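Comments concern the structure below.
In our numbering, the protein residues as written are 67 to 242.
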């Protein structure tokens, strides 16, 4: 390649990509400071439908997971302890399973003794809205419905730092 030809090739490629994405309807990444997308999903227990909007006013930890995901299973006991520690405080832990087999999710929850709400997202509609693809992925949502933090990978949810972070959010005065 002649000198300068490489720079021209790069410039043309960048211009082509810019033109391709100009006016794109690709939503911004769901992360800190972005309103959490609403969803409406069935609960594992009973025939109850849960939507994020019904949790407004609470601090919510949304956890996207699957039964086949070993790191997901590894963090579930800590999530259960976090749920029990902060139960009744205005905090809600909601686990959203992307499995397509309800029976597998039921057996998983029973085996681990999970008592927090588990929602079913077999078509991964909520997972897509939140742009999750690596499990586990969790989002901490403030009482105003805005994402406070996004976490990728296994976390020790009952560790003092996470509990303190959530308690600080619970202590904040809601806006408006």
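Positions of the beta carbon are idealized from the N, C-alpha and C atoms, including for glycine.
Please read these numbers as outputs of a predicted model, since none were measured by experiment.
Across the structure, residue 129 and residue 226 are spaced so that their CA atoms are roughly 19 Å apart. DSSP, read as helix, strand or coil, puts residue 120 in helix.
Closest option to residue 200, judged by alpha-carbon separation, among 114, 138, 121 and 111: 138. Looking only at 145, 229 and 233, the smallest Cα-Cα distance to residue 184 is reached by 145. The Cβ neighbour count for residue 219, taken over all protein chains shown within 10 Å, is under 16; the residue is labelled exposed.
Per DSSP, the unbroken beta strand (DSSP E) holding residue 108 starts and ends at 106-108. Under the three-state reduction of DSSP, residue 132 is assigned to coil, being neither helix nor strand.
Using a Cβ-Cβ distance cut-off of 8 Å, the segment 188-195 and the segment 150-160 are not in contact, since fewer than three pairs of beta carbons, one from each stretch, lie closer than that value. Secondary structure note for residue 214: its beta strand (DSSP E) is the uninterrupted segment 213-218. Sequence-distant Cβ neighbours of residue 103 in its own chain, meaning closer than 7 Å and more than five residues away, are 96, 195 and 196. With a cutoff of 9 Å on beta-carbon distance, residue 216 and residue 125 are scored as not near each other. Annotated as proximal: residue 148 and residue 223, with beta-carbon spacing under 9 Å. A Cβ-Cβ contact shorter than 9 Å links residue 168 with residue 110.
In the DSSP assignment, residue 206 forms a beta bridge with 127 and 215. One alpha carbon belongs to residue 207, the other to residue 122, and they sit about 9 Å apart. Assigned with DSSP and collapsed to three states, residue 102 falls in coil, not helix or strand. Per DSSP, residue 238 lies in no beta strand (DSSP E) segment and is marked neither H nor E.
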